[in-house]
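K.L.:
Take this structure, written in C-alpha cells, and hold onto it; I'll ask about it next.
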Amino acid sequence: MGCACSRVGVGPARATPPNLVFKCAGKVGHSVLPPPRAAVRPPPHLPRSRSPRQASSAAAAMAFEKIKVANPIVEMDGDEMTRVFWQSIKDKLIFPFLDLDIKYYDLGVLHRDATDDKVTVEAAEATLKYNVAIKCATITPDEDRVKEFNLKQMWRSPNGTIRNIINGTVFREPIICKNVPKLVPGWTKPICIGRHAFGDQYRATDAVLKGPGKLRLVFEGKDETVDLEVFNFTGAGGVALAMYNTDESIQGFAEASMAIAYEKKWPLYLSTKNTILKKYDGRFKDIFQAVYEADWKSKYEAAGIWYEHRLIDDMVAYALKSEGGYVWACKNYDGDVQSDFLAQGFGSLGLMTSVLMCPDGKTIEAEAAHGTVTRHFRVHQKGGETSTNSIASIFAWTRGLAHRAKLDDNARLLDFTLKLEEACVGTVESGKMTKDLALLVHGSSKVTRGDYLNTEEFIDAVAAELKSRLAAN
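Take the sequence shown: its position 393, counting from 1, is numbered 470 in the numbering used here, and each next residue is one higher.
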C-alpha cells in the first residue's frame, strides 16, 4: 500500500496517479491507489515545478561534492502548510548536498484514507527495518476533518500508530537562539524531556456508570486471579477508569532515557507520583533503579553525571528554578503536558525538536513538535503570502540524518547536519526570521513587514548561510 520508492540523489518521490505504471524496488507495477471518489477533493498541495530560485539554489551547490549516504532513510510526507515547505526544505537544503536513498511514504490524510491507513503501518515497519525515519507533520482527523476530506472514518493519530509499533520514547528538546527571548530567562541550557509514549491514560478504558453498584478490578492471570473492589457507588453513579502499562515497555523507557542522557552527558531525572500511586508509579521507580544499577551506574559515575528519581510536583518546581542541562523522563500524560510547558518557556513550539527513540537506541523517528499550520495553509491556498517557521522541520531532517551518520560512521554527513543546524540558528541570530519569531523578538505592537521573511525567503536565507559555512571548511 505505501510502496517505498527509492530516490537516489534526486528530488522527492511524488504521489503516483491511479493506474499509472511506475518502477519501484526493481519491479514494475501499478499504483495501489484506487481512483478517487467523486466527493473527495484532490490534495491542495499538488507537486509544483521548480522555480528559477530553486534551480539557482541547486546550481550553486553543484560545486559541492555530494555526500554519499550509504544506507536509506524513511521519509514520511505530511499535510497542509508543513507539506508545502517540506518540499522546499528537500529541494534547497537536502538534495543539492546529499546522495541519498529515500524510502518514501505519503502519510497525507487522503492517502491514509485511500489505503485504509495501511500506509502508516508500513511506514512504521520500514522504520524498524532501516532504523531512521524523518516525518512531516500530519493531520489527525476530527469530525470536521472527516467532513472536509470526505474520509471513510476518523482515522487514529499516525503518530500514535507509529509510537505503538516502534514502542519508543519521545524526546523533545528546544532549539535555542540567543536573540529569541524566553518566558523563563533562567533556562540558559536546553532541557530534554522524554515522554513514555505507551499506555496509561492514552490506552485506558473509561466509562460513565449509572446508579448504585460496585466497581471491581479483575485480572485473570495464567496462574492466579486478582479481584479488587475499587469503589461502592451509592448515589446516581459516576465515572471509572482502568489503565495499564507493562514491565517490558517501562524497561524500554528506562533504557532509552539512560542512553540519551549518557550520550548527552547530562544528568537524568525520572518524575512520578509514587507517594500516591504506590504500586503503579512505584513500578516505574523500581524498574528505572534496577536498570540504572545493572547497566548504567558505573558509566554515569565515570562521566560525572547521575540518575535521580523525584516526585512530579518537586520536579516541576526544580525545573522552573534550574538553568537546564538535563534529561527529564516523564510518564505519558506528564510528558504530554510538560513538553508544551517547556516549549513555551523556551520561546516557541516552532523551536522544538522531537525524536522517537527505540529502547536499544538504534532506531529513531524524527519530526517537528508542531502541527500542520492550517491557518497559514488557508492563506497559501488563496495565493496569499505566508511567513511560516520551518526550523523544527529542518531539524527533523538534521536529527534523523545525524543518527544515520552515527550508525554508518559517516563523519562528512554528521558534519553537514551540524552545519545545517548552525545555519538555521545563525540565520535567526543575524536578524533573518519568520513572523512568529519576529513577534517574540520585537513585540507584537512593533513588528513591521521589514522585520521578517516569508516562508520561502527564510529557507533561502538558511540555504545561503549553509553554503557559506560549507565553503568555509
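For every residue, glycine included, the Cβ atom is placed at its ideal position computed from N, Cα and C.
Can you give me the start and stop residues for the beta strand (DSSP E) that Thr475 sits inside?
P.N.:
Here Thr475 belongs to no beta strand (DSSP E); instead the alpha helix (DSSP H) covers 468-485.
K.L.:
Can you name the residues that DSSP bridges to Ser431?
P.N.:
Answer is Arg249, Glu444, bridged to Ser431.
K.L.:
So what's Gly536 in DSSP terms, helix, strand or just coil?
P.N.:
First, the residue type needs correcting, since residue 536 is Ile and not Gly in the sequence shown. Correct three-state label for Ile536: helix.
K.L.:
Just list the alpha helix (DSSP H) runs in the segment 368-400, keeping only unbroken ones of 4 residues or longer that don't cross its boundaries, in chain order.
P.N.:
Here the runs fully enclosed are 374-380, 389-398.
K.L.:
Helix, strand or coil: how does DSSP classify Thr204 here?
P.N.:
Reduced to three states, the DSSP call for Thr204 is helix.
K.L.:
For Ala443, I'd like the list of residues in its chain whose CB is within less than 6 angstroms of its CB, leaving aside the five on either flank, ordered along the chain.
P.N.:
Contacts found: Ile211, Val432, Ala473, Arg476, Gly477.
K.L.:
Curious, which full-length alpha helix (DSSP H) runs of at least 4 residues does the segment 486-513 contain?
P.N.:
As far as the segment 486-513 is concerned, its whole alpha helix (DSSP H) runs of at least 4 residues are 488-506.
K.L.:
Asp178 by DSSP, collapsed to three states: which one?
P.N.:
Strand.
K.L.:
Determine the direct distance from the alpha carbon of Asp156 to that of His457, and round the result to whole angstroms.
P.N.:
Their Cα atoms are separated by approximately 13 angstroms.
K.L.:
My parser needs the alpha helix (DSSP H) runs of 4 or more residues fully inside the segment 316-367; what are they?
P.N.:
Within the segment 316-367, the complete alpha helix (DSSP H) runs of at least 4 residues are 324-341.
K.L.:
Just tell me which of Leu286, Lys341, Ala333, Ile337 has its CA closest to the CA of Gly574.
P.N.:
The shown model of the chain, from 78 to 550, leaves out residue 574, and the question about it has no answer.
K.L.:
Taking the straight line between their C-alpha atoms, what separation do you get for Cys269 and Asn256?
P.N.:
Taking the straight line joining both Cα atoms gives about 21 angstroms.
K.L.:
Met320 and Ser348 - do their beta-carbons sit closer together than 8 angstroms?
P.N.:
The answer is no: Cβ separation not under 8 angstroms.
K.L.:
Locate the beta strand (DSSP E) running through Asp304, then write down its first and last residues.
P.N.:
Note, Asp304: beta strand (DSSP E), 302-310.
K.L.:
Alpha carbon to alpha carbon, how far is Glu39 from Leu345?
P.N.:
The structure shown has nothing for residue 39, since the chain only spans 78 to 550.
K.L.:
Does Pro344 get closer than 8 angstroms to chain D when you measure Cβ to Cβ?
P.N.:
Among the protein chains of the structure shown there is no chain D, as only one such chain exists.
K.L.:
How far does the alpha helix (DSSP H) with Ala420 in it extend, from its first residue to its last?
P.N.:
Segment 409-423, the alpha helix (DSSP H) holding Ala420.
K.L.:
By how many angstroms is the C-alpha of Gly359 removed from the C-alpha of Leu516?
P.N.:
Leu516 and Gly359: Cα-Cα distance of roughly 44 angstroms.
K.L.:
Can you give the beta carbon distance from Thr215 to Leu184, rounded, assuming they're within the 8 angstroms contact cut?
P.N.:
About 5 angstroms; that satisfies the 8 angstroms criterion.
K.L.:
If I follow the unbroken beta strand (DSSP E) through Thr282, where does it start and stop?
P.N.:
Residues 282-287.
K.L.:
Go ahead and label Val295 buried or exposed: buried means 16 or more other beta carbons lie within 10 angstroms of its beta carbon, across all protein chains shown.
P.N.:
Classification for Val295: exposed.
K.L.:
Look up Lys212 in the DSSP assignment and say whether it is helix, strand or coil.
P.N.:
The answer is strand: DSSP assigns Lys212 an E or B state.
K.L.:
For a test of the three-state rule: what should DSSP assign to Trp232, helix, strand or coil?
P.N.:
The answer is coil: DSSP assigns Trp232 none of H, G, I, E or B.
K.L.:
Closer than 8 angstroms is the cut-off here; do at least three beta carbon pairs connect the segment 239-246 with the segment 272-286?
P.N.:
Because the criterion of three Cβ pairs below 8 angstroms is met, the segment 239-246 and the segment 272-286 touch.
K.L.:
Where does Lys356 land, buried or exposed, given buried means 16+ other C-beta within 10 angstroms?
P.N.:
Flag for Lys356 reads exposed.
K.L.:
Taking the alpha-carbon positions, what's the His447 to Val198 distance?
P.N.:
Cα to Cα, the separation comes out at about 22 angstroms.
K.L.:
What does Lys145 pair with, by DSSP beta-bridge criteria?
P.N.:
For Lys145, which the question treats as bridged, DSSP gives the partners Asp176.
K.L.:
Express the C-alpha separation of Glu534 and Tyr384 in angstroms, rounding to a whole number.
P.N.:
C-alpha separation (whole angstroms): 44 angstroms.
K.L.:
Would you tell me roughly how many angstroms separate the C-alpha atoms of Trp163 and Lys145, rounded to the nearest one?
P.N.:
Going by the C-alpha atoms only, they are around 22 angstroms apart.
K.L.:
Closer than 7 angstroms: is that where the CB of Leu354 sits relative to any heavy atom of the ligand HEM?
P.N.:
As far as ligands go, the structure on display features none, and thus does not contain the ligand HEM.
K.L.:
Taking the beta strand (DSSP E) that Asp154 belongs to, which residues open and close that run?
P.N.:
Unbroken beta strand (DSSP E) run through Asp154: 150-154.
K.L.:
If distances are taken between C-alpha atoms only, which option among Leu260, Phe454, Ile327 comes closest to Gln366?
P.N.:
Out of Leu260, Phe454, Ile327, Ile327 has the C-alpha closest to the C-alpha of Gln366.
K.L.:
Within this structure, are the beta carbons of His386 and Ile441 separated by less than 8 angstroms?
P.N.:
Going by C-beta atoms, His386 is not nearer than 8 angstroms to Ile441.
K.L.:
Taking Cβ to Cβ, would you say Val450 is nearer than 8 angstroms to Cys501?
P.N.:
Result no, Cβ atoms of Val450 and Cys501 do not sit closer than 8 angstroms.
K.L.:
Can you name, in chain order, every residue of its own chain whose Cβ lies under 8 angstroms from the Cβ of Gly312, other than the five neighbours on each side?
P.N.:
Taken in chain order, the residues that qualify are Pro289.
K.L.:
Starting from Ile166 and walking both ways along the alpha helix (DSSP H), at which residues does that stretch end?
P.N.:
Segment 157-166, the alpha helix (DSSP H) holding Ile166.
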